[in-house]
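A quick write-up on the structure given underneath.
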């Protein structure tokens, strides 16, 4: 039976024990490390010569796309979202390496994840290890959502007239294997980024003309 509020350690009342304080310090550290991830820029855009997208922005788009793919595929949504939120968290320590840099450099993201989460959240660490293997449906969904999030940015650059973004988009669509992910990517590639509010625009234009 749950204890009523007001007893030490319940409902925010009283002082936390030493063990709880240590856990809070770990969470505090993780929150500030998350702030590093939020500020970090994705380096591949420097090669294309456009876009200032950050890792945090990319993570948000990955989460949104992965959620809807998971719903379509009847996957474990909680697992998918946890993987999505933390799939690039290691970059706080390893940095973001673009595909060109990976021809010459390697990074130990497994070690980074262990150093960040081991003994603090072993369940999350195990989830990330599962993601890196890319064998479960949930891991595959998050990986392909991550690719589609990249494709969205490329489509926006195509619409702005970047002549190289089309080559990047065509090449990266071929990384997808899940039929639903492929279909979504192809639809995104052929749909204007402004179509989502076209009916509202038409109404506004009618009002403007009155």
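In UniProt numbering, the protein residues as written are 1 to 210.
Don't be surprised by glycine CBs; every beta carbon is placed ideally from N, CA and C.
As the structure is a computational prediction, the values presented were derived from the model and not from experiment.
Cβ-Cβ distance between residue i and residue j below 8 Å
i           : j           : result
residue 89  : residue 65  : no
residue 153 : residue 53  : yes
residue 48  : residue 63  : no
residue 143 : residue 134 : yes
residue 110 : residue 138 : no
residue 148 : residue 73  : no
residue 55  : residue 69  : no
residue 33  : residue 92  : yes
residue 85  : residue 106 : no
residue 26  : residue 120 : yes
residue 185 : residue 200 : no
Simplified DSSP state of residue i, which is helix, strand or coil
i           : result
residue 99  : coil
residue 54  : strand
residue 162 : coil
residue 156 : helix
residue 197 : helix
residue 174 : coil
residue 192 : coil
residue 29  : helix
residue 35  : helix
Environment of residue i [buried if 16+ CB atoms lie within 10 Å]
i           : result
residue 37  : buried
residue 151 : buried
residue 157 : buried
residue 9   : With a pLDDT of 48 at residue 9, under the threshold of 50, the predicted position of this residue should be treated as unreliable, though the coordinate-derived value follows. With fewer than 16 Cβ atoms within 10 Å of its Cβ, residue 9 is classed as exposed.
residue 75  : buried
residue 176 : buried
residue 163 : exposed
Contiguous alpha helix (DSSP H) assignments of at least 4 residues, all confined to the UniProt domain "HD" (37 to 153)
44 to 48, 55 to 73, 77 to 86, 91 to 94, 109 to 117 and 122 to 133
The region 160 to 168 touching the region 116 to 129, judged by at least three CB pairs closer than 8 Å
Flag = no, the region 160 to 168 and the region 116 to 129 do not touch.
Under 8 Å, with one C-beta from each stretch per pair, do the region 96 to 112 and the region 36 to 45 reach the 3-pair mark?
yes
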